[in-house]
Amino acid sequence: MQHLLYDIVHVTDYDYQGAVSVSHHLLRLEPRQTSRQRCLQHEFRIFPEPTVVTSHGDYFGNRAHFIAVERPHGSLSITSRARVAVSPAFLPDTSETPAWEMVRARCRVDRTWAALEANEYTHASPLVPTSPEFADYALGSFTRSRPIFEALSDLMTRLQADFRFDPTATTVSTPLADFHRNRRGVCQDFAHFLIACLRSIGLPARYVSGYLETDPPPGLPKLRGVDASHAWVSLFCPGIGWIDADPTNGCYASLRHLSIGWGRDYGDIAPVRGVLIGGTQQILRVSVDVTALPPAEESGPTMDTDSPADAGSADASGQ
């Protein structure tokens, strides 16, 4: 099967004002194993060296890592490196997908494991409320007896026309209602809004966190650190499975979409979360590089590194 290989480098740097005596962080940065994606290699490099590093599978099956730095420090650097193989996603023919009402009805009565799991994603979650307003917006595309894939495509087209990508318009704490009212935001907002629309009409939809490879401007080399974390949506259809849709770009997940994992909303799959003792303020810097490997490198078993393994590294491949 055709596949592409990518190296991913995700760097998170914190600079603290005042010494932090203890910091605990939960990391969700290891790419997930799926039917179309294999994480071939993953490691962390963390400085200062953490006192504790553990890993576990969370409720949604994502790989999470807990780290604790239990000595005074004025900064923290977390570098996640991964090599991932990605295969093309299956996209059904529109004519072969059932009417969306049939999908909703089947999800309510189906007792297979897949449908029961999907049913959890029909309910409101902490960051994604359901409401008649979201349902009304969705029903502009999900008209009577319309094939679900056709309706989903139309809804994404309308989102592209009605909303604007604006990285200055929202923060991670901006309520979804503000995005709906102001019609501008980032990928997290687009994903949350599409999920709210789908759940408000009874369809199961989950939030997917990952990366998207980007192209440099024509004629210019790609700069380091210009890629970013990305978010999109998965809609469940019995008999077909989960269909990944990217409302920010108005497309379906492709060979360039690399997933870390999923949950009900951003809160379930935030890349880095932490608590601190000490310090008064912090400055956060994040950079991401997603690099497609040329065919000649596909057989290489190791990742390129910019710096040698040092006392601040923690191998995330071990359990």
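According to numbering that gives the first Met the number 0, the stretch in the sequence shown is residues 0 to 318, in order.
Yeah, the Cβ is synthetic: ideal placement off N, Cα and C, and Gly gets one too.
The structure presented is a predicted model; accordingly, all values stated were derived computationally and were not measured.
Here's the rule: buried if 16 or more other CB atoms are within 10 angstroms of the residue's CB, otherwise exposed. What is residue i?
| i | result |
| --- | --- |
| residue 232 | buried |
| residue 34 | exposed |
| residue 161 | exposed |
| residue 7 | buried |
| residue 203 | buried |
| residue 299 | Residue placement at residue 299 is flagged as unreliable, the pLDDT there being 47, under the threshold of 50; the coordinate-derived value follows with that caveat. That one is exposed. |
| residue 16 | exposed |
| residue 270 | buried |
| residue 119 | exposed |
| residue 171 | exposed |
| residue 1 | exposed |
| residue 28 | buried |
| residue 279 | exposed |
| residue 167 | exposed |
| residue 163 | exposed |
Could you tell me whether the Cβ atoms of residue i and residue j are closer together than 8 Å?
| i | j | result |
| --- | --- | --- |
| residue 128 | residue 195 | yes |
| residue 96 | residue 236 | yes |
| residue 67 | residue 49 | yes |
| residue 12 | residue 284 | yes |
| residue 113 | residue 252 | no |
| residue 175 | residue 36 | no |
| residue 178 | residue 158 | no |
| residue 246 | residue 193 | yes |
| residue 268 | residue 61 | yes |
| residue 183 | residue 165 | yes |
| residue 146 | residue 94 | yes |
| residue 73 | residue 123 | no |
Between the alpha carbons of residue i and residue j, how many angstroms are there, rounded?
| i | j | result |
| --- | --- | --- |
| residue 199 | residue 207 | 18 Å |
| residue 143 | residue 107 | 18 Å |
| residue 224 | residue 218 | Note on residue 224: pLDDT 43, under 50, position unreliable in the model; no value is reported. |
| residue 297 | residue 261 | Low confidence applies here, because residue 297 scores a pLDDT of 48, under 50, leaving its location unreliable and the question unanswered by this model. |
| residue 230 | residue 59 | 16 Å |
| residue 9 | residue 85 | 18 Å |
| residue 116 | residue 209 | 21 Å |
| residue 110 | residue 281 | 48 Å |
| residue 311 | residue 185 | In this predicted model, residue 311 has a pLDDT of only 35, less than 50, meaning its place in the structure is not dependable; the value taken from the coordinates is given anyway. Distance between the alpha carbons of residue 311 and residue 185 is about 33 Å. |
| residue 254 | residue 65 | 30 Å |
| residue 287 | residue 137 | 33 Å |
| residue 291 | residue 30 | 15 Å |
| residue 133 | residue 156 | 16 Å |
| residue 24 | residue 38 | 22 Å |
| residue 20 | residue 14 | 13 Å |
| residue 125 | residue 173 | 12 Å |
| residue 22 | residue 227 | 25 Å |
| residue 289 | residue 215 | 12 Å |
| residue 307 | residue 40 | Only weak support exists for where residue 307 lies, its pLDDT of 33 falling under 50; the coordinates are left without a value. |
| residue 265 | residue 242 | 18 Å |
| residue 213 | residue 4 | 15 Å |
| residue 150 | residue 234 | 12 Å |
| residue 130 | residue 32 | 34 Å |
| residue 83 | residue 91 | 25 Å |
| residue 259 | residue 26 | 11 Å |
| residue 69 | residue 44 | 17 Å |
| residue 105 | residue 148 | 16 Å |
| residue 42 | residue 293 | 22 Å |
| residue 248 | residue 169 | 18 Å |
| residue 244 | residue 250 | 6 Å |
| residue 191 | residue 153 | 17 Å |
| residue 63 | residue 135 | 37 Å |
| residue 205 | residue 211 | 18 Å |
Who pairs with residue i in a beta bridge, going by DSSP?
| i | result |
| --- | --- |
| residue 243 | 233 |
| residue 258 | 209 |
| residue 93 | Its beta-bridge partners do not exist; DSSP assigns none. |
| residue 200 | DSSP lists no partner for residue 200. |
| residue 40 | 82 |
| residue 141 | None, per the DSSP bridge assignment. |
| residue 278 | According to DSSP, residue 278 bridges with nothing at all. |
| residue 192 | Beta-bridge pairing links residue 192 to no other residue. |
| residue 250 | 245 |
Cβ of residue i less than 8 Å from any chain D Cβ?
| i | result |
| --- | --- |
| residue 31 | Any reference to chain D falls outside this structure, which holds one protein chain only. |
For the ligand ZN, I want to know if residue i counts as a neighbour, meaning its beta carbon is within less than 7 Å of at least one of the ligand's heavy atoms.
| i | result |
| --- | --- |
| residue 103 | The ligand ZN is not part of the structure shown, which contains no ligands of any sort. |
- Message: Under 8 Å: do the segment 52-63 and the segment 88-102 share three or more Cβ pairs, one atom per stretch?
- Response: no
- Message: With three or more C-beta pairs closer than 8 Å as the rule, is the segment 136-156 touching the segment 262-277?
- Response: no
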